[in-house]
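Written out below as structure tokens is the structure these notes cover.
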Amino acid sequence: MPIIRINNCNLYYETRGSDQNPPLVLLHAFPLDHNAWRPQADELSREYWVITPDFRGHGQSEATDESYSMDLLASDIKDLVENLGVKNIVLGGISMGGYVAFAYRRLFPEDIQALILVDTKAEADTPQARLGRMEMAGLIVRKGVASFADRMLPRLFSKPNVETNASIVRDARKTIEAMSPIGIIGGLKGLADRSDSTPLLDEIRVPTLIIVGEKDELTTVDDAKRMASRIVGSKLVIVPNAGHISTLEQPE
């Protein structure tokens, strides 16, 4: 599948469907890859040209030794869609993908025709959350990526799915453990330093779908409700029996 050189980094991406259809760009969560959207990408490719990139440092994209700010990741995606000759996109993001979608909206508002915000929030990290991310980075340096995966996986999925849906957890572990320490730490730094996107909410005037897992403890139902209350005309969907990665836990 395609790899493209963007901003001094080799980025991997996949496409599904006809490039004559409206373009739909789906951005994945940290610390996963494009497969976080695979069930939806397959289904939506009947009506859209679905583009699912791997952020730098994730999946099959190159890991560069730097902080992956949300603006940097958004600029990567902007250059990717321009190289593909795409304009007027529907932009979807889950978790960190949502943070990047907010950065994209701030930097390139004219590109976006509609937004899909999944298991994400507009607020920046609290000081406690920033400290937690730096502790995670230290854990990787001391004990390696497998120890990081042990800490992350219970946070990504609801407890019932961790206990009953072994294949989802196994695949996520495989994805995380394939990442380089440089890539994970770059993502952690970028997440910790991201800006507050709440001022953007009142400015969004495109159709916006907000989706949240009922059991998401990282970006909660209350977080989603706050976004929905500020984005004019948005629609909120709460997914039963799903945690932070609802696209995989309840793909339908």
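Going by this note's numbering, 1329 is the number at position 81 of the sequence shown; the sequence numbering is gapless.
The beta-carbon is built from N, C-alpha and C at its ideal position, and this holds for glycine as well.
Euclidean distance between Cα positions of residue i and residue j
i	j	result
Q1376	D1267	44 Å
D1327	L1272	15 Å
G1431	R1453	34 Å
E1262	A1414	26 Å
S1443	E1371	8 Å
A1349	L1274	9 Å
P1429	P1287	28 Å
I1252	T1300	13 Å
S1482	D1464	20 Å
Y1352	I1433	22 Å
Y1347	F1303	13 Å
R1294	L1332	19 Å
R1378	E1500	33 Å
Y1296	P1447	30 Å
T1423	P1357	32 Å
G1345	D1419	19 Å
L1363	E1383	33 Å
I1254	V1329	11 Å
E1462	V1393	29 Å
N1258	M1427	15 Å
Same chain, Cβ closer than 7 Å to residue i, neighbours up to 5 away in sequence not counted
i	result
D1290	R1264
R1421	A1397, L1401
N1409	I1416, G1491, E1497
I1479	L1449, I1452, T1456
M1292	A small fix is needed here, since residue 1292 is Leu in this sequence, not Met. L1272, V1298.
Residue burial classification, residue i (beta-carbon count within 10 angstroms, cutoff 16)
i	result
A1476	buried
E1425	exposed
D1359	buried
D1313	exposed
G1341	buried
V1389	exposed
K1369	buried
T1412	exposed
Closer than 6 Å: residue i CB and nearest the ligand ZN heavy atom
i	result
M1400	Inclusion of the ligand ZN in the displayed structure is not the case, the ligand content being empty and no account of it being possible.
Other residues of its chain near residue i: CB distance less than 8 Å, five sequence neighbours each side excluded
i	result
E1460	Rather than Glu, the amino acid found at residue 1460 in this sequence is Val. Excluding residues within five positions, the ones whose Cβ falls inside 8 Å are V1366, D1367, T1467, T1468, V1469, D1471, A1472, L1484, V1485, I1486, V1487, S1494.
L1355	D1319, A1322, S1323, K1326
K1391	none
R1239	For the chain, the structure presents residues 1249 to 1500; residue 1239 sits outside this window and is missing.
P1250	Y1260, Y1261, E1262, T1263
R1399	M1384, L1387
A1277	A1284, I1342, S1343, M1344, G1345, D1367, L1404, H1492, I1493
N1256	T1312
Presumed contact (8 Å Cβ cut-off) between residue i and residue j, rounded CB distance
i	j	result
Q1361	V1338	6 Å
S1315	K1437	4 Å
S1395	L1404	Rounded, the Cβ-Cβ distance is 16 Å, inconsistent with contact.
N1336	S1406	Between S1406 and N1336 the Cβ distance is about 35 Å, and since that is not below 8 Å, they are no contact.
Beta-carbon proximity list for residue i, same chain, < 6 Å, skipping 5 on both sides
i	result
D1505	Outside the shown range of the chain, which is 1249 to 1500, sits residue 1505, and nothing can be said about it.
A1385	I1433, L1436
I1458	L1365, A1472, M1475, A1476, S1482, L1484
S1317	G1438
P1270	Y1296
S1445	F1350, A1370
Test: residue i CB closer than 7 Å to a CB of chain B
i	result
D1471	The chain labelled as chain B is not found in the depicted structure, where only one protein chain is given.
Say whether the region 1274-1281 touches the region 1306-1325, bearing in mind that this needs 3 or more beta-carbon pairs closer than 8 Å, one atom from each stretch. They touch, by the three-pair rule.
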